[in-house]
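Notes to accompany the following structure.
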Amino acid sequence: MSVADAAPVHRTPAGGFEMLTVPSSMGPIKVQVQWASRGGSSALYLLDGLRAPDDHSQWTTDTDALRQFAGDNVTLVFPVGGHSSFYTDWYRPSSTNGQKTTYRWETFLTRELPDFLADYGVSRTNNAIVGVSMGGNAALTLAAHHRDQFRWAGSFSGFLNPTYPMWNQAMRAAMLDEGRFNLDDMWGPTSDPAWSRNDAVVQAERLRGLPVYVTTGNGVPGPLDATNGVGNTVNAAGIEAFAVIAASIFRDRTVALGIPARVDFTTGTHTWPYWQQSLTTARPMILDALGER
296 MSVADAAPVH RTPAGGFEML TVPSSMGPIK VQVQWASRGG SSALYLLDGL RAPDDHSQWT
356 TDTDALRQFA GDNVTLVFPV GGHSSFYTDW YRPSSTNGQK TTYRWETFLT RELPDFLADY
416 GVSRTNNAIV GVSMGGNAAL TLAAHHRDQF RWAGSFSGFL NPTYPMWNQA MRAAMLDEGR
476 FNLDDMWGPT SDPAWSRNDA VVQAERLRGL PVYVTTGNGV PGPLDATNGV GNTVNAAGIE
536 AFAVIAASIF RDRTVALGIP ARVDFTTGTH TWPYWQQSLT TARPMILDAL GER
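Just so we're aligned, residue 296 is where the sequence shown starts under my numbering, counting upward by one.
In structure tokens:
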């Protein structure tokens, strides 16, 4: 094969923001991108939380991610949609809300989307991935199972141990509340191997050698909660209490395995201002892992 034959169809655009429509087994999926400032091939995938809207990524509206990476030679990739999906491949459509199409988010994020972006010059192999809340565990498990694609993985306030006793009930309640999704249609009963496959703690050994950053607040409200309102702050504090436990379990597991993951505990709750702060901390790690510093 000649060099010309191996070249991408397009060169990555140098800078700029765009909404793409990407074909998938789920139908057309919107993906927002901020192209690498100098047309580089590396990319950072950013995953939303449980309430992921269907018209934009909350990373683009609730954080300054676009500004933070505006001068960097890394394309930011923001998949749109997938609320209550846990960014995984489901067994079947949810049986409790009339869903017509089976969620196939792992397939999309690790096969269909990289293939599509490759036509724009984005590498299939020099990528990083980070997620918040629902997306945090997905970021780590996707990286664990697709080491050829990702060179860095991060979780902000993620629920990293879904097989932990009774946590499936908390997930069930949250998914019913957010869109009336049925947990059983995702991974089946808790005895099903899909649960362990999608558990970052269980899959920690697969992360050996990969730079990993996990961070969570301690559930104590701080200055960044000032605009949330009392009700939202109380709720965000309670949710973050679960994330602290999960991060602690993940830390203990990686220490026991001798895997040098970085795990930070900070003051704060389960809300976007803290995740913006976490992205600021993570940015140098991401650029180093992608060879862009």
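Just so you know, even glycine gets a beta-carbon here, dropped at the ideal spot from N, CA and C.
With H, G and I counted as helix, E and B as strand and the rest as coil, what does DSSP make of N463?
helix
Residues sharing a beta bridge with S510, DSSP
Looking at the sequence itself, residue 510 is Thr, so the reference to Ser does not match. In the DSSP output, where bridge partners are listed per residue, T510 has F451 and D559.
Can you have a look at T374 and say buried or exposed, based on whether 16 or more other CB atoms are within 10 angstroms of its CB?
Before going on, a small fix: residue 374 reads as Pro here, not Thr. Buried.
Would the segment 454 to 464 and the segment 358 to 374 be scored as touching if the rule is three or more Cβ pairs under 8 Å?
no
Spatial neighbours of A538 within its chain, please: CB distance less than 6 Å, with the 5 preceding and 5 following residues excluded, ordered by chain position.
S452 and T511
Put L437 into one of helix, strand or coil per three-state DSSP.
helix
With DSSP as the reference, label P518 as helix, strand or coil.
helix
Cβ separation of L361 and T355, assumed to be a contact under 8 Å, to the nearest whole Å
6 Å
Assign E401 to buried or exposed, taking buried as 16 or more other Cβ atoms, counted over all protein chains shown, within 10 Å of its Cβ.
buried
Do W589 and L505 have their C-beta atoms closer together than 8 Å?
Given a span of 296 to 588 for the chain in the structure shown, any question on residue 589 remains unanswerable.
Under 8 Å, with one C-beta from each stretch per pair, do the segment 580 to 588 and the segment 430 to 449 reach the 3-pair mark?
yes
For the beta strand (DSSP E) containing I324, name the first residue and the last one.
I324 to Q329
Alpha-carbon to alpha-carbon, P488 and Y386
12 Å
If you reduce the DSSP assignment to three classes, tell me which class T370 lands in.
strand
Best match in G416, I424, G517 and L478 for proximity to L404 [C-alpha to C-alpha]
I424
For N456 and D494, I'd like the C-alpha separation in whole angstroms.
5 Å
Alpha-carbon spacing of P303 relative to K325, whole angstroms:
The predicted model places P303 with a pLDDT of 45, which falls under 50 and marks its position as unreliable, so this point remains unresolved.
According to DSSP, A423 sits in a beta bridge with which residue or residues?
L339 and W447
Three-state secondary structure (DSSP) at F411?
helix
Using a threshold of 8 Å, state whether the C-beta atoms of I554 and L502 are closer than that.
yes
Please classify A532 as buried or exposed, where buried requires at least 16 other C-beta atoms within 10 Å of its C-beta.
buried
Note the first and the last residue of the continuous beta strand (DSSP E) segment covering M481.
Premise fails: M481 lies in the alpha helix (DSSP H), D479 to W482, not in any beta strand (DSSP E).
Locate the beta strand (DSSP E) running through L315, then write down its first and last residues.
F312 to V317
Among the candidates S491, V427 and M580, whose CA atom is the shortest distance from the CA of Q353?
V427
Within 10 angstroms of its Cβ, does R588 collect 16 or more other Cβ (buried), or is it exposed?
exposed
Mark A299 as exposed unless 16 or more other C-beta atoms lie within 10 angstroms of its C-beta, in which case mark it buried.
A caution first: A299 carries a pLDDT of 37, below 50, which makes its placement in the model too unreliable to give a value.
Whole angstroms are fine: how far does the CA of I540 sit from the CA of S297?
Note that S297 has pLDDT 34, beneath the 50 cutoff, so the model's placement of it is unreliable and no number is given.
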